[in-house]
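Structure first, commentary second.
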Amino acid sequence: MALAAMAMLASGSLRADETPLAEEMDVVSSALKGLRKADGWEAKAELAREAQQGCLNGLKYLPKTFEQMKDAKEKAKATADYERLMGDAYSALCQLESAFLEEDQDAADEAMDLIKSLKKEGHTKYEDDE
């Protein structure tokens, strides 16, 4: 769940069954959705920083699907890959912030493309289909 984590669709209000990781991914998602209405480069940079914080906080948790993994080696590999994805997502969010601070829309678009790709990869691998 990296940004894969990055960004589950924000539900607006948290459900009782939502995991701590899902809550942090909602922070990321909400911040990124806020970019559509943000007024100015600094406001967008601030939203990128909010998304970064959600991503970092998400590293404290593992995807719910990991609970089902019985094989320790398989779980260790999955954990390492999940942490890689979250690290890549954080890096992409930092690139996004830098693009906004440089007032470079092309660089911001590239960073968003990377974020979307990482989200898709993480959700494909680690999001529970329940």
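In the working numbering, each number is its position in the sequence shown, counted from 1, plus 4.
Ideal placement from N, C-alpha and C gives every residue a C-beta, glycine not left out.
All values derive from a computational prediction rather than experimental measurement.
Simplified DSSP assignment, three categories, for residue i
| i | result |
| --- | --- |
| M2 | Here the chain comprises residues numbered 5 to 134, so residue 2 is not present and cannot be evaluated. |
| P24 | helix |
| E106 | coil |
| L100 | helix |
| M73 | coil |
| A42 | coil |
| L66 | coil |
Expected contact under 8 Å - CB spacing of residue i and residue j to nearest Å
| i | j | result |
| --- | --- | --- |
| M54 | A35 | The amino acid occupying residue 54 in the given sequence is Glu; Met does not appear at that position. Right, their Cβ atoms sit about 4 Å apart. |
| Y130 | Y65 | Contact flag wrong, Cβ pair sits at about 11 Å. |
| A52 | E101 | 4 Å |
| L60 | Y94 | 6 Å |
Backbone CA spacing between residue i and residue j [nearest angstrom]
| i | j | result |
| --- | --- | --- |
| Q56 | K77 | 29 Å |
| E106 | H127 | 30 Å |
| A103 | D113 | 9 Å |
| M116 | K74 | 35 Å |
| E28 | E71 | 18 Å |
| G58 | Q109 | 23 Å |
| P67 | A47 | 30 Å |
| L63 | Q99 | 19 Å |
| D30 | K123 | 12 Å |
| D92 | A26 | 18 Å |
| S33 | K81 | 26 Å |
| L39 | L97 | 12 Å |
Residue i, enclosing alpha helix (DSSP H) - first and last residue
| i | result |
| --- | --- |
| Q57 | 45-62 |
| A109 | The residue asked about is misnamed: residue 109 is Gln in this sequence, not Ala. Taken as a continuous stretch (DSSP letters only), the alpha helix (DSSP H) holding Q109 covers 109-130. |
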